[in-house]
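Protein chains in written order, with our numbering: chain X, 32 to 189; chain Y, 587 to 872. The structure under discussion appears below in the form of structure tokens.
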Amino acid sequence: MAKHHIEAKVNGDAVEFLCETEDTLLDVLRDTLSLTGSKEGCSSGDCGACSVMLDGRLVCSCLVLGCEVGGRSVETIEGMAKGETLHPLQQRFLEGAALQCGICTPGFLVASRALLEKTTNPTEHEVRYWLAGNLCRCTGYDKIVTAVMDTAAAMRKG
Amino acid sequence: MRYEAPESLEGAVALLAGAKGETRVLAGGTDLLVQMRADMVDPELIVDIKKIPETRAVTEEKGGWRIGAAVTGAELKEHPRLKQVWPGVVEAANLIGSTQVQGRATLGGNLCNGSPAADSVPALIAAGAVATLAGPKGKRDLPVEDVMLGPRKLALTKGEIVVSFLLPPRPPRSSDAYLRFIPRTEMDIAVVGAGVSVTLDGAGTITAARVSLGAVAARVLLVPEAAQAIIGGRLDQAAQQRLEAAARAACRPIDDKRGTTEFRIDVAAVLTRRAALIALDRARTS
């Protein structure tokens, strides 16, 4: 059967691609659009390494079909920095050593930004629950949670 | 594998009814895509129902609330009114998976995935929710407790889909609660789930109740004996003991790596009592 021809927005840019029915959004991002920032961890929605925003909603791109995103807007880690200027979360993750191997980091950053867009003053409890779907085997999470809390505090000060 | 995203119920039903091979309905995809990836299912046709307006709406109807089958957990949580009227239903839906999964997972999918451990199903059954189905012979209503027959087995006929759920009108002094046990605080599948809904009179006596248990039998159970144990009283110690005994008696759980039979029965009794106390407290202040 013919491939699906999909037109969507990715990080604000109009894109079009061809995909098979069984191709996930993650497959499309990585293999077709060469946006390899989103990582494949578990392919079952448990690890969050493939987190992206779909029409402003945080989702696992491994649990979305490519053919579902026609006419919709996708934001990935590649759209987070503005040119050479890192997003405050990215900057704080670096300064606070909130990553080691880095595989989970794009997912944590995308998910953390989604939280800070909803609430500017999250409690540690809220941060930990919000990020429960992002797994990290290196950091033990404390530095990640601290980085998110510190970024929120800094962004509140402006 | 074909993918279709019809914009009408009739379109979806015609596609599913006319298909020769295996079909799957796609709502949030949080179970279906995992099962496809694991080669557990290999449908010839996937019908995405999210473009059908009836599956995506939350509306007031006849004094109750109608929730589309493809409304996500995140959308339920953000709804300005539902959480006040049906806190148990909303909290149950919000226990399913992570923030990311909440952005996709739906009530219709949770029910139609056919798992006895589905978190939102005991809450819907306790709420007295009725599923509206659309199929080749038109629409019909089915109480949620009658939709699932056993693991992965539904009462739906070929071509039928769950369109929405109707939560009934809520008398004053009514509320609900859902509790589940998992070995950690997030991101796991219920070992036991308990949903309780109660209505009180002006004196605080329980005049109506529904109790539902998940993950303790081959399907999610409605337990009328547990409801009877607390109707007519104020959930004093004796009523709590009767409630626990009725919950225990209803359990027919499996023994598996997530919980032994004995453990599940014990936990079912405890969760039912605690959920009833929470629902009662909420009803007093609602």
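Ideal Cβ positions, reconstructed from N, Cα and C, are used throughout, including at glycine. This one's a predicted model, so the numbers in the text were calculated from it and none came from an experiment.
Could you name the residues of chain Y that residue i contacts, counting a contact when the two beta carbons are closer than 8 Å?
i, result
"Ala142/X", "Thr685, Gln686"
Can you tell me whether residue i is buried or exposed? The criterion is at least 16 other CB atoms within 10 Å of its CB, across all chains shown.
i, result
"Pro755/Y", "exposed"
"Ser667/Y", "The sequence shown places Arg at residue 667/Y, not Ser. With fewer than 16 Cβ atoms within 10 Å of its Cβ, Arg667/Y is classed as exposed."
"His36/X", "exposed"
"Ser74/X", "buried"
"His156/X", "exposed"
"Lys636/Y", "buried"
"Asn165/X", "buried"
"Pro137/X", "buried"
"Thr645/Y", "exposed"
"Lys952/Y", "No answer is possible for residue 952/Y: the residues shown for chain Y start at 587 and end at 872."
"Arg859/Y", "buried"
"Lys70/X", "buried"
"Cys132/X", "exposed"
"Glu830/Y", "buried"
"Gly700/Y", "buried"
"Thr182/X", "buried"
"Thr116/X", "exposed"
"Arg58/X", "In the sequence as displayed, the identity of residue 58/X is Asp instead of Arg. Classification of Asp58/X: buried, given that the 10 Å Cβ count is 16 or more."
"Pro769/Y", "exposed"
"Pro737/Y", "exposed"
"Pro673/Y", "buried"
"Pro729/Y", "exposed"
"Ala835/Y", "exposed"
"Asp54/X", "buried"
"Gly686/Y", "In the sequence under discussion, the amino acid at residue 686/Y is Gln, which differs from the Gly named in the question. Counting Cβ neighbours within 10 Å, Gln686/Y comes out buried, since at least 16 surround it."
"Pro702/Y", "buried"
"Pro639/Y", "exposed"
"Glu148/X", "exposed"
Give the interface partners of residue i over in chain Y, defined as CB-CB distance under 7 Å, in chain order.
i, result
"His35/X", "Tyr589"
Could you list which residues in chain X have their beta carbon closer than 7 Å to that of residue i, in chain order?
i, result
"Met622/Y", "Glu53"
"Arg772/Y", "In the sequence as presented, Arg is not what sits at residue 772/Y; that position holds Glu. By Cβ distance, chain X contributes Tyr160, Ala163."
"Gly689/Y", "Arg88, Leu89, Val90"
"Leu728/Y", "Under the 7 Å cutoff, chain X gives no residues; its nearest Cβ is about 28 Å from Leu728/Y."
"Leu693/Y", "Under the 7 Å cutoff, chain X gives no residues; its nearest Cβ is about 17 Å from Leu693/Y."
Which residues in chain X have a C-beta closer than 9 Å to the C-beta of residue i? List them in chain order.
i, result
"Leu697/Y", "Simply none; closest approach about 18 Å."
"Leu786/Y", "The premise fails here: Leu786/Y is roughly 32 Å from chain X at the closest Cβ pair, so nothing lies under 9 Å."
"Leu857/Y", "Those do not exist, as Leu857/Y stays about 20 Å from chain X at its closest Cβ, beyond 9 Å."
"Leu765/Y", "Chain X residues near Leu765/Y: none, gap ~17 Å exceeds 9 Å."
For residue i, return the contacting residues in chain B, with the cut-off set at a CB-CB distance below 9 Å.
i, result
"Ala660/Y", "In the displayed structure, chain B is absent; the protein chains listed are X and Y."
Which bits of chain X does residue i rub up against, with CB to CB less than 8 Å?
i, result
"Leu742/Y", "Near Leu742/Y there are no residues of chain X at all, since even the closest Cβ is about 22 Å away, more than 8 Å."
"Leu710/Y", "None at all; the shortest Cβ gap to chain X is about 22 Å."
Next on the checklist: Please identify, using Cβ separations under 7 Å, the residues of the region 163–175 of chain X that lie next to chain Y, in order along the chain.
Outcome noted: Ala163, Gly164
Next on the checklist: Using a Cβ distance threshold of 8 Å, determine whether the region 686–695 of chain Y contacts the region 659–670 of chain Y, with at least three qualifying pairs required.
Outcome noted: yes
Next on the checklist: Closer than 8 Å between beta carbons: that is the criterion. Which residues of the region 70–100 of chain X meet it against chain Y?
Outcome noted: Ser74, Ser75, Gly76, Asp77, Gly79, Ser82, Leu85, Arg88, Leu89, Val90, Cys91, Cys93, Leu94, Val95, Leu96, Cys98, Glu99
Next on the checklist: Threshold first: 4 residues or longer. Then list the alpha helix (DSSP H) segments lying entirely within the region 756–830 of chain Y, N to C.
Outcome noted: 810–816
Item to check | Length-filtered (3 minimum) beta strand (DSSP E) runs lying within the region 692–725 of chain Y | outcome: 716–721
Checklist entry - Which runs of the alpha helix (DSSP H) spanning at least 4 residues fall entirely within the region 62–127 of chain X, listed in chain order? => result 119–126
Checklist entry - For the 8 Å Cβ check, are there 3 or more pairs between the region 709–729 of chain Y and the region 613–632 of chain Y? => result no
Next on the checklist: Between the region 835–847 of chain Y and the region 813–820 of chain Y, can you find at least three pairs of beta-carbon atoms closer than 8 Å?
Outcome noted: no
Checklist entry - Just checking, does the region 167–186 of chain X make contact with the region 117–131 of chain X on the three C-beta pairs under 8 Å criterion? => result yes
Checklist entry - When Cβ atoms are compared, which residues of the region 624–639 of chain Y fall closer than 7 Å to chain X? => result Ile632, Asp634
Item to check | Interface positions of the region 591–616 of chain Y facing chain X (Cβ-Cβ less than 9 Å), listed along the chain | outcome: Ala591, Leu612, Gly614, Gly615, Thr616
Checklist entry - Is the region 760–771 of chain Y touching the region 726–734 of chain Y in the sense that three or more CB pairs, one from each, lie closer than 8 Å? => result no
Checklist entry - What residues in the region 808–832 of chain Y bring their beta carbon closer than 8 Å to a beta carbon of chain X? => result none
Checklist entry - Which parts of the region 612–673 of chain Y are runs of the beta strand (DSSP E), unbroken and 3 residues or longer, counting only runs that do not cross its ends? => result 631–634, 644–647, 650–654
Checklist entry - Okay, do the region 713–727 of chain Y and the region 613–620 of chain Y touch, 3+ Cβ pairs below 8 Å being the bar? => result no
Checklist entry - Do three or more CB pairs link the region 588–604 of chain Y to the region 57–71 of chain X at distances below 8 Å? => result no
Checklist entry - Pairing CB atoms from the region 777–791 of chain Y with CB atoms from the region 861–872 of chain Y, are three or more of them under 8 Å? => result yes
Item to check | Minimum length 4: unbroken alpha helix (DSSP H) runs contained in the region 130–172 of chain X | outcome: 136–149, 155–161
Checklist entry - Residues in the region 667–685 of chain Y with C-beta within 8 Å of chain X's C-beta atoms, listed in sequence order? => result Gly683, Ser684, Thr685
Checklist entry - Are three or more beta carbon pairs between the region 37–53 of chain X and the region 99–107 of chain X nearer than 8 Å? => result yes
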